[in-house]
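Colleague:
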């Protein structure tokens, strides 16, 4: 419903955030205006500053306001392996496991000719040079197991053919804690195909 | 996890919104920066403008950037009844039912001596004059059925004793579609107490 022009505009703007509909937006707007105007002002500044200054790391293409992101600038990261991901959120997910100490390359999408997204848009033309420059021994393809993610992984593998680097793909199968009974056929088929000897 | 100072600050600021934790905040920040910077800038402006200009309606105390809110300024609203609510969100909830055409009075809270919230903070000292000025015949108490909401309703009833106005309380009982079997005892007790003859 209409409240007042400025509040209505705030409610509408809040809905640009993913997963926020009219109800949540209204509740949020009233909450901020009733109890936390300082918070609202701080959020406005944070949004403006980030929208203004955040760009892509010149080395790995993730989002950062510096010339190079913290991971690329860290000399202690292992330069032997490069992990290719679709988005900056994937880096966060992998970093939280603390199981990977190599470097990253962010595509910001996946190959999707219908949407006009080709190798250029994903920085794939820069990738072979990046692999060569850092002297990587392994490129880990961590694109998502969707049709487009698989096609992207396949394209990258082909584009690195002829270089000495080993190209691997992360495993897809039954997630930990998952029960076979409830898992979709595609995942089970992947898990069967990807089976390994248990010696 | 830390991403970059500006993105981290945005993630933190997004968490001032109710119900937004670190995960949602991170996803939202990356989404806005990757796909919708214009949306982020528009949201920043909307937040700043609203935080700057929205204040309380001088008549009913709801949030608006005008001197008077749209409902108070509407000459077609019924001046015979005044509905007292705890928050602007309650007005929205009631307006959406389209079942009430009277006017409102917003407390912005409920009596809570422990938190230092007394009659002055809730505008209750202005309420009798407001009731008199508009010539209301009925004051509907729509505070929430909590201990403090009930205490506030009781206080208002007492403060209007002696004026000619009728003071009523909205009904509390079994919600539509609710099944007795699953409803808490307090609500059922209210529903029994509030029973009415079915002639």
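Residue numbers (this note's numbering), protein chains in the order written: chain U, 23 to 221; chain H, 23 to 221.
All C-beta atoms in this analysis are idealised placements derived from N, C-alpha and C, irrespective of residue type, glycine included.
Assuming residue 133(U) and residue 139(U) form a contact by the criterion Cβ under 8 Å, report the distance between their Cβ atoms to the nearest whole angstrom.
Modeller: About 6 Å separates the two Cβ atoms, so the contact holds.
Colleague: Taking the DSSP output, what are the residues bridged to residue 55(U)?
Modeller: Residue 55(U) is not bridged to any residue.
Colleague: Where do the N-terminal and C-terminal ends of the alpha helix (DSSP H) with residue 190(H) fall, by residue?
Modeller: Counting along the chain, residue 190(H) falls outside any alpha helix (DSSP H), though it belongs to the beta strand (DSSP E) covering 188-191.
Colleague: Between residue 81(H) and residue 157(H), what straight-line distance do the alpha-carbon atoms span, to the nearest angstrom?
Modeller: 14 Å
Colleague: Should residue 106(H) be flagged as near chain U, meaning a C-beta pair shorter than 8 Å?
Modeller: no
Colleague: Count the other C-beta atoms from every protein chain shown that fall within 10 angstroms of the C-beta of residue 108(U), then say buried if there are 16 or more, exposed otherwise.
Modeller: buried
Colleague: The beta strand (DSSP E) spanning residue 105(H) covers which residue range?
Modeller: 103-107
Colleague: When you compare only the Cα positions, how much space is there between residue 60(U) and residue 142(H)?
Modeller: Answer to the nearest angstrom: the Cα atoms are 24 Å apart.
Colleague: Quick one: using the 10 Å Cβ neighbour count with 16 as the cut-off for buried, is residue 39(U) buried or exposed?
Modeller: buried
Colleague: Find the residues of chain U that neighbour residue 91(H), judging by a C-beta separation of less than 9 Å, and give them in chain order.
Modeller: 25, 26
Colleague: Shortest alpha-carbon distance to residue 53(U) belongs to which of 29(U), 68(U), 221(U)?
Modeller: 29(U)
Colleague: By the three-class DSSP mapping on this structure, what secondary structure does residue 80(U) have?
Modeller: DSSP, read as helix, strand or coil, puts residue 80(U) in coil.
Colleague: On the three-state DSSP scale, how would you describe residue 163(H)?
Modeller: strand
Colleague: If the cut-off is 8 Å on Cβ atoms, which residues from the segment 125-151 of chain U count as contacting chain H, listed in chain order?
Modeller: Only those residues of the segment 125-151 of chain U whose C-beta falls short of 8 Å from the nearest C-beta of chain H are listed: 130.
Colleague: Taking 8 Å as the CB-CB limit, is residue 71(U) close to chain H?
Modeller: yes
Colleague: By how many angstroms is the C-alpha of residue 193(H) removed from the C-alpha of residue 216(H)?
Modeller: Cα-Cα distance, rounded: 7 Å.
Colleague: Could you spell out where the beta strand (DSSP E) holding residue 126(H) opens and where it closes?
Modeller: 125-128
Colleague: Does the contact criterion of 3 or more C-beta pairs under 8 Å hold for the segment 117-135 of chain U versus the segment 155-172 of chain U?
Modeller: yes
Colleague: What residues in the segment 185-207 of chain U have a beta carbon less than 9 Å from any beta carbon of chain H?
Modeller: none
Colleague: Using a Cβ cut-off of 8 Å (strictly closer), state whether residue 165(U) contacts chain H.
Modeller: Chain H, which has no Cβ nearer than 8 Å to the Cβ of residue 165(U), makes this no.
Colleague: For residue 58(U), which residues in chain H fall below 8 Å Cβ to Cβ?
Modeller: 38
Colleague: Which residues in the same chain have their Cβ closer than 8 Å to the Cβ of residue 95(U), if we skip the five residues on either side of it in sequence?
Modeller: 88
Colleague: At a cut-off of 7 Å, is residue 148(U) close to the ligand NAD when judged by its beta-carbon and the heavy atoms of the ligand?
Modeller: Of the ligands one can find in the structure shown there are none, so the ligand NAD has no counterpart to examine.
Colleague: Do residue 163(H) and residue 127(H) have their C-beta atoms closer together than 8 Å?
Modeller: no
Colleague: Out of 182(U), 190(U), 205(U), 129(U), state which residue places its alpha-carbon closest to the alpha-carbon of residue 112(U).
Modeller: 129(U)
Colleague: Compare the C-beta of residue 50(U) against all C-beta atoms of chain H and say whether one is closer than 8 Å.
Modeller: Taking 8 Å as the threshold, the shortest C-beta distance from residue 50(U) to chain H falls below it.
Colleague: Going by the DSSP bridge assignment, what does residue 85(H) pair with across the sheet?
Modeller: 78(H)
Colleague: Give me whichever residues DSSP pairs with residue 25(U) in a beta bridge.
Modeller: Checking the DSSP bridge columns, you'll see residue 25(U) has no partner listed.
Colleague: What do you reckon, are the CB atoms on residue 106(U) and residue 187(U) nearer than 8 Å?
Modeller: no
Colleague: Give me the chain H residues within the contact set of residue 121(U), using Cβ-Cβ distance strictly less than 9 Å, ordered along the chain.
Modeller: What residue 121(U) touches in chain H: nothing, since even the nearest Cβ is about 14 Å away.
Colleague: Let me check one thing: in DSSP terms, what residues is residue 139(H) bridge-paired to?
Modeller: 134(H)
Colleague: Please identify the residue among 41(U), 69(U), 153(U), 202(U) whose C-alpha is closest to the C-alpha of residue 179(U).
Modeller: With distances taken between Cα atoms, residue 179(U) lies closest to 153(U).
Colleague: Between residue 27(U) and residue 65(H), what straight-line distance do the alpha-carbon atoms span, to the nearest angstrom?
Modeller: 14 Å
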